[in-house]
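Here the structure is laid out as structure tokens; the discussion comes afterwards.
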Amino acid sequence: MFNRDSLFGSRGQQTPPQQQQPPRGSPAQRAPDGRHREAPSYDQGEKSYGNGSMRGPPQQQPPAGRSLQLRPAKSPDNSFTFGNVCAVSAQDIPPSRDGGDVHLLINGAFVLSARPLPSFPRGHISLNDAQRTWMQVALTDVVEAQAYDPFSHGPQSYLGSMDIEVGFAGKKSTETPYDQDELAQAFVNTYRNQIFAPGQQLLMDYRSVPLRFTIRTVELVDISSLKAPAGDAAQRRDPQARGILTPESTTNFSKDARSPIQLKGSTRRPAANSVIRPDFKFEDLGIGGLDKEFSDIFRRAFASRIFPPGLAEKIGIQHVRGILLYGPPGTGKTLIARQIGKMLNAREPKVINGPEVLNKYVGQSEENIRKLFADAEKEQKEKGDESGLHIIIFDELDAVCKQRGSGAGGGTGVGDSVVNQLLSKLDGVDQLNNILLIGMTNRKDMIDEALLRSGRLEVHMEISLPDEAGRQQILKIHTTKMRENGKMASDVDLAELARSTRNFSGAEISGLVRSATSFALQRHIKGGTVAALKDDVAEMQIHMEDFLGALEEVHPLFGVSEEDLGRAVEGGIIHFSPHIDKILKNGRDFVNQIRNGTTPLLSVLLHGPRGSGKTALAARIAMDSEFPFIRLVRPVDMVGMNEIQKIQHLSKTFTDAYKSPCNALVLDNIELMVDWVPVGPRFSSAVLAAIKGMMDNKPPKGRPLLVLATTSERTVLQQLQLNFKAQIAVPNVQTQQELAHIMQESGAFSSTDVQRAIGEIEQTTGSRNINVGVEGVLLGIQTAMQDEDRTGRFAEVISEAIADNSAQ
Numbered sequence: 013m014f015n016r017d018s019l020f021g022s023r024g025q026q027t028p029p030q031q032q033q034p035p036r037g038s039p040a041q042r043a044p045d046g047r048h049r050e051a052p053s054y055d056q057g058e059k060s061y062g063n064g065s066m067r068g069p070p071q072q073q074p075p076a077g078r079s080l081q082l083r084p085a086k087s088p089d090n091s092f093t094f095g096n097v098c099a100v101s102a103q104d105i106p107p108s109r110d111g112g113d114v115h116l117l118i119n120g121a122f123v124l125s126a127r128p129l130p131s132f133p134r135g136h137i138s139l140n141d142a143q144r145t146w147m148q149v150a151l152t153d154v155v156e157a158q159a160y161d162p163f164s165h166g167p168q169s170y171l172g173s174m175d176i177e178v179g180f181a182g183k184k185s186t187e188t189p190y191d192q193d194e195l196a197q198a199f200v201n202t203y204r205n206q207i208f209a210p211g212q213q214l215l216m217d218y219r220s221v222p223l224r225f226t227i228r229t230v231e232l233v234d235i236s237s238l239k240a241p242a243g244d245a246a247q248r249r250d251p252q253a254r255g256i257l258t259p260e261s262t263t264n265f266s267k268d269a270r271s272p273i274q275l276k277g278s279t280r281r282p283a284a285n286s287v288i289r290p291d292f293k294f295e296d297l298g299i300g301g302l303d304k305e306f307s308d309i310f311r312r313a314f315a316s317r318i319f320p321p322g323l324a325e326k327i328g329i330q331h332v333r334g335i336l337l338y339g340p341p342g343t344g345k346t347l348i349a350r351q352i353g354k355m356l357n358a359r360e361p362k363v364i365n366g367p368e369v370l371n372k373y374v375g376q377s378e379e380n381i382r383k384l385f386a387d388a389e390k391e392q393k394e395k396g397d398e399s400g401l402h403i404i405i406f407d408e409l410d411a412v413c414k415q416r417g418s419g420a421g422g423g424t425g426v427g428d429s430v431v432n433q434l435l436s437k438l439d440g441v442d443q444l445n446n447i448l449l450i451g452m453t454n455r456k457d458m459i460d461e462a463l464l465r466s467g468r469l470e471v472h473m474e475i476s477l478p479d480e481a482g483r484q485q486i487l488k489i490h491t492t493k494m495r496e497n498g499k500m501a502s503d504v505d506l507a508e509l510a511r512s513t514r515n516f517s518g519a520e521i522s523g524l525v526r527s528a529t530s531f532a533l534q535r536h537i538k539g540g541t542v543a544a545l546k547d548d549v550a551e552m553q554i555h556m557e558d559f560l561g562a563l564e565e566v567h568p569l570f571g572v573s574e575e576d577l578g579r580a581v582e583g584g585i586i587h588f589s590p591h592i593d594k595i596l597k598n599g600r601d602f603v604n605q606i607r608n609g610t611t612p613l614l615s616v617l618l619h620g621p622r623g624s625g626k627t628a629l630a631a632r633i634a635m636d637s638e639f640p641f642i643r644l645v646r647p648v649d650m651v652g653m654n655e656i657q658k659i660q661h662l663s664k665t666f667t668d669a670y671k672s673p674c675n676a677l678v679l680d681n682i683e684l685m686v687d688w689v690p691v692g693p694r695f696s697s698a699v700l701a702a703i704k705g706m707m708d709n710k711p712p713k714g715r716p717l718l719v720l721a722t723t724s725e726r727t728v729l730q731q732l733q734l735n736f737k738a739q740i741a742v743p744n745v746q747t748q749q750e751l752a753h754i755m756q757e758s759g760a761f762s763s764t765d766v767q768r769a770i771g772e773i774e775q776t777t778g779s780r781n782i783n784v785g786v787e788g789v790l791l792g793i794q795t796a797m798q799d800e801d802r803t804g805r806f807a808e809v810i811s812e813a814i815a816d817n818s819a820q
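Numbering (my numbering), first residue to last: 13 to 820.
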């Protein structure tokens with residue numbers, strides 16, 4: 013950055029860098045067109061820094077400090093066309109006392125150096141093409157200009173370093189690489205003492221070839237801090253910052269990916285091949301909750317490409333040529349593909365969908381694969397290590413890259429040929445080192461294994477469901493416009509919505525916002541039709557109640573089977589016995605055992621008579637765990653499936669359960685899943701073997717699984733050797749006190765009715781023992797509610813149930 017010895021004399025007196033003028037006639041004293049001109053000398057605005065003093069740039073004010081309305085005009089000659097100085101009339105803005113340039117603030121946001129000319133027409137300002145592009149000003153517009161003081165924002169007004177993107181400005185170009193040291197010297201000599209900011213564009217005629225420069229980032233420095241030891245200078249990066257270019261400023265160049273320009277490095281300034289834009293921010297992608305994934309992608313796939321090719325060769329490494337993004341639908345894989353071009357300082361990526369590769373003509377599918385790599389092959393042959401990066405984004409990769417020999421392609425072998433062609437291009441005999449293939453799929457298990465090995469798609473990045481912080485980021489992104497335009501009410505709590513959208517993917521959160529917007533729109537439609545809008549439609553706002561309404565109709569496809577679990581515990585859990593409290597406590601202990609990572613896989617069997625409430629208790633334990641993934645699997649879900657389909661269904665359920673930090677599966681009536689029937693007896697050995705294997709297979713590291721199974725045939729499972737790590741017995745309602753508790757909890761009987769019902773039951777059965785499942789008791793209450801004598805009817809139904817259980 014700054015050389016301290018060049019700024020301070022032998023006595024520590026500071027020498028302003030602006031006063032270190034090169035000899036007369038040197039490149040620093042010539043305009044871009046080669047004509048001699050005096051470099052501006054700064055005689056005004058003296059400022060004090062520490063024990064020394066520094067003279068600042070000229071501070072010429074328009075008359076009375078007012079702003080001027082100026083109309084853009086064409087540049088008077090090439091010195092303004094290929095430069096960063098604009099011409100103004102000396103009658104509008106007088107020159108500085110030494111006749112040098114002045115600084116102007118244009119439209120309150122852009123700073124340019126202006127040169128007052130007596131011959132330039134009043135009320136105009138010359139702006140070249142690059143300046144108008146940067147400021148988004150047309151020749152027919154009117155701009156507002158006023159004087160600008162570069163020291164008005166504090167002492168950090170000088171440029172410590174700049175990241176500059178360079179490319180050819182027109183059709184004229186050269187294949188000779190540009191030495192970065194020479195280019196930096198020419199840049200500083202041409203634009204010294206001018207002010208630069210991120211996003212600024214400028215033109216320069218360098219060796220009779222027009223170049224276009226784009227400022228990507230700037231780093232400001234406080235000159236006074238240079239009296240401290242080297243390296244302690246205070247530095248500041250700010251996207252809105254601007255500073256003065258001095259001979260001590262460091263300029264870092266990177267090539268414009270759209271331009272064929274070549275840069276040559278040196279020992280002091282290696283030619284970095286930056287594939288990531290210096291001013292890139294992840295927020296620009298509009299993707300939330302993937303900060304860690306993007307960081308890992310950058311480290312694995314892009315970090316090695318930033319360094320000069322020679323350095324990578326010395327280390328003896330090859331770049332990563334393939335990334336596979338996989339995960340549940342709607343988590344942002346395709347969105348990354350659409351937005352990834354924003355983060356790259358490279359040519360536009362080629363995007364192709366998997367099914368588009370296939371073609372009915374023989375050999376055309378393979379030809380489509382070869383066309384994807386043709387440009388990369390040609391450039392690598394011509395430029396070798398200096399070749400730019402070619403990125404190919406392959407969506408729905410599983411459509412064409414299924415396991416070879418699986419019959420993909422309709423038995424014609426086309427699928428196998430496409431996979432073979434892709435393998436040879438990624439890591440064949442003629443290796444390409446200038447490509448990056450990004451594949452995306454929901455079914456990683458279907459992709460041929462040879463494509464997933466190191467050297468091909470070697471980086472496997474799972475894009476999973478966002479956590480609470482990620483969901484809040486996504487909600488902020490999708491509500492940005494409504495917040496900026498005042499359409500989101502102040503009662504909307506995004507943090508609360510993030511907590512309420514557990515297991516929502518990014519796509520489902522987007523759908524939630526659309527649903528909430530529809531509720532708000534509905535309030536401003538007359539009569540519920542779209543033909544007539546109310547007069548207050550311009551004042552429409554989305555309130556928290558709209559989002560709460562949307563939560564009722566938008567549900568996540570992955571994660572918790574809330575509807576099924578809710579039906580299983582409909583009416584709640586009645587704590588009619590201390591056994592129920594003990595069962596729930598044991599269940600909480602098992603949940604904590606999984607949550608704390610103590611046990612990666614735990615299987616628990618809840619067994620008991622039919623109707624004893626096993627399913628409800630298992631569902632309640634699972635729901636109280638609040639695990640990200642909870643799934644209820646019932647035999648009715650597999651009605652009509654053959655053995656293979658049942659195994660595939662169960663396998664997919666267990667595979668889905670491995671995608672969340674904590675998972676719970678409830679296997680209801682597990683004996684029916686293996687097709688067990690008492691007549692025979694018969695069962696499906698294939699399904700039984702599959703369930704045994706999946707329950708014994710430990711989940712991936714960091715993805716613990718709790719399996720809660722229910723059965724009414726414990727002895728059958730013992731005979732089938734289907735073992736569980738823990739077992740919980742669920743009893744029936746046994747005593748009259750337990751039955752009375754359930755009757756009182758229902759609210760359908762008074763204390764007198766309860767005593768009467770129990771007395772009649774004891775008189776009818778001749779026993780004080782009940783032994784009826786809680787499900788049968790609740791059904792009896794519902795049946796009795798339809799009779800005028802509900803107490804007598806309830807006693808009759810329970811007495812029949814007791815007799816049936818005694819007969820079994």
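Beta carbons: idealized from backbone N, C-alpha and C, even for Gly.
Distance from the Cα of P222 is smallest, within the candidate group V155, A142, T258, D104, for A142. Three or more beta-carbon pairs separated by less than 8 Å link the segment 608-618 to the segment 696-715, which places the two stretches in contact. L679 has its alpha-carbon roughly 20 Å from the corresponding atom of V786. Here T723 carries a strand assignment [DSSP, helix/strand/coil]. Remark: C-beta atoms of T627 and A669 do not approach each other more closely than 8 Å. Around the beta-carbon of V809, 16 or more other beta-carbon atoms lie within 10 Å, marking it buried. Between the alpha carbons of G583 and F516 lies a distance of about 27 Å. Nearest to Y160 by alpha-carbon distance, out of S79, F94, A196, G95, is S79.
The segment 797-807 makes contact with the segment 762-781: 3 or more CB pairs, one atom from each, lie closer than 8 Å. Sequence-distant partners of A313 (beyond 5 residues in either direction) whose C-beta falls short of 7 Å from its own C-beta, in its chain, are V332, I335, L448, V471. Under the three-pair Cβ rule at 8 Å, the segment 758-766 does not count as touching the segment 588-605. Each of S522, A544, E461 was checked against the Cα of L487, and the nearest Cα belongs to S522.
With 16 or more other CB atoms across the displayed protein chains lying within 10 angstroms of its CB, L195 is buried. Exposure of I329 is indicated by the presence of fewer than 16 other C-beta atoms within 10 angstroms of its C-beta. Contact check between the segment 358-368 and the segment 388-408: three or more CB pairs, one atom from each, fall below 8 Å, which counts as touching. In this structure, L232 keeps its C-beta atom at 8 Å or more from the C-beta atom of G211. Inclusion of S527 and E496 in the CB contact set at 8 Å is not warranted, their separation being larger than that value.
The beta carbons of I176 and T263 sit closer together than 8 Å. In the DSSP annotation of this structure, the continuous segment of the beta strand (DSSP E) that includes I176 starts and ends at 170-180. Nearest to A813 by C-alpha distance, out of T777, I327, A481, is T777. Taking C-beta separations shorter than 6 Å and ignoring five residues to either side along the sequence, the partners of M556 in its chain run D503, V504, following chain order. The segment 450-467 and the segment 478-494 do not touch, with fewer than 3 CB-CB distances between them shorter than 8 Å. Under DSSP, S101 forms a beta bridge with L129. Taking every protein chain shown into account, the CB of L434 has 16 or more other CB atoms within 10 angstroms, so this residue is buried.
In the three-state DSSP reduction, G334 falls in the strand class (E or B). For the 8 Å CB-CB criterion, P716 and I633 do not form a contact. P222 carries a strand assignment under DSSP once its states are collapsed to helix, strand and coil.
Counting the other Cβ atoms within 10 Å of the Cβ of V616 gives 16 or more, which makes it buried. Measuring C-alpha to C-alpha distances from G467 to each of K437, Y170, F570, H115 identifies K437 as the nearest. When the Cα atoms are used, Q534 and P128 turn out to be separated by approximately 60 Å.
Rounded to the nearest angstrom, the gap between the Cα atoms of T492 and M552 is 16 Å.
Here the alpha carbons of L718 and F602 stand approximately 8 Å from one another. Contact between the segment 635-644 and the segment 793-801 is absent, with fewer than three C-beta pairs closer than 8 Å. A Cβ-Cβ separation of about 19 Å leaves E655 out of contact with L729 under the 8 Å criterion.
The closest CA to that of E508, considering only G182, K345, L560, is found on L560. The three-state secondary structure of M552, taken from DSSP, is coil.
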